[in-house]
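Worksheet: one structure, shown below.
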Amino acid sequence: MRASTTEPYATMWKYTEEQNRTNLVSGNKKGLTKAVQDDKYAFITSTSVQHGHYEQLCNLQMVGQKFFTYGFGILFPKGSVYKDEISWEILFLRQEGYLEMLEKQWLMGSHNDEDICSDTRKTVEDMGVLGAESFVGLFLFLAGGIAVGMVVQLVEVSWYHARGNKRKHDVVRSVSMRVHLTEILLSGNETTWL
309 MRASTTEPYA
319 TMWKYTEEQN
329 RTNLVSGNKK
339 GLTKAVQDDK
349 YAFITSTSVQ
359 HGHYEQLCNL
369 QMVGQKFFTY
379 GFGILFPKGS
389 VYKDEISWEI
399 LFLRQEGYLE
409 MLEKQWLMGS
419 HNDEDICSDT
429 RKTVEDMGVL
439 GAESFVGLFL
449 FLAGGIAVGM
459 VVQLVEVSWY
469 HARGNKRKHD
479 VVRSVSMRVH
489 LTEILLSGNE
499 TTWL
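Read in order, the letters of the sequence shown are residues 309 to 502 in my numbering.
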């Protein structure tokens, strides 16, 4: 972040440098060590640092999404006949989970599917993070609200149609009364009221 001119990273670096000099570390290993030793210290770094270091420290936990990940690309000459075929094959390997397995094996140093810290690391459920199953009640409440709204709408439409005939009669009576009053006023006979 120090050399970044892009916002918000430049502002973050300026604030960190001015306010929190004691929290700055000179390298990733020192940052991870400080995070292990100090319960109130959070180490923010690129995801690539976790490869090889983080996996060995069982009392650390990564929270949130991976931050500042790096992607890899394969370059082809313009108009290459292999570009589409290889793109589809890479997409297939990613969907099958094969690329993730290779990433764990090559970059994280894990040669099996088990995390060496699986016994000590907390799962998402242990941390009190809300999962999809936590929102079932909300969805049921929303569905109930929609159902009640539909019932109210049905009752309102039925009531309107039931009163509709009476209203038509009232409108006809009101119009005929106005016509009659207009005739009386035009005739000049003020004594002939209903």
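Yeah, the Cβ is synthetic: ideal placement off N, Cα and C, and Gly gets one too.
Small disclaimer: the values here were computed from a predicted structure and weren't measured.
If you ignore the 5 residues before and after Thr353, its C-beta comes within less than 7 Å of the C-beta of Asn336 and Gly339, all in its own chain and listed in chain order.
The alpha-carbon separation between Tyr468 and Arg402 amounts to approximately 58 Å.
Between the alpha carbons of Lys342 and Lys322 lies a gap of roughly 22 Å. With fewer than 16 other Cβ atoms inside 10 Å of its own Cβ, Phe447 counts as exposed.
8 Å or more divides the Cβ of Phe380 from the Cβ of Lys391. For Thr341, the enclosing alpha helix (DSSP H) has its first and last residue at Asn336 to Gln345.
In the structure shown, the three-state DSSP call for Ala318 is helix. The C-beta separation of Thr324 from Leu332 comes to about 7 Å, placing the pair in contact by the 8 Å criterion. For Ile394, the enclosing alpha helix (DSSP H) starts and ends at Lys391 to Gln403. Around the beta-carbon of Phe351, 16 or more other beta-carbon atoms lie within 10 Å, marking it buried.
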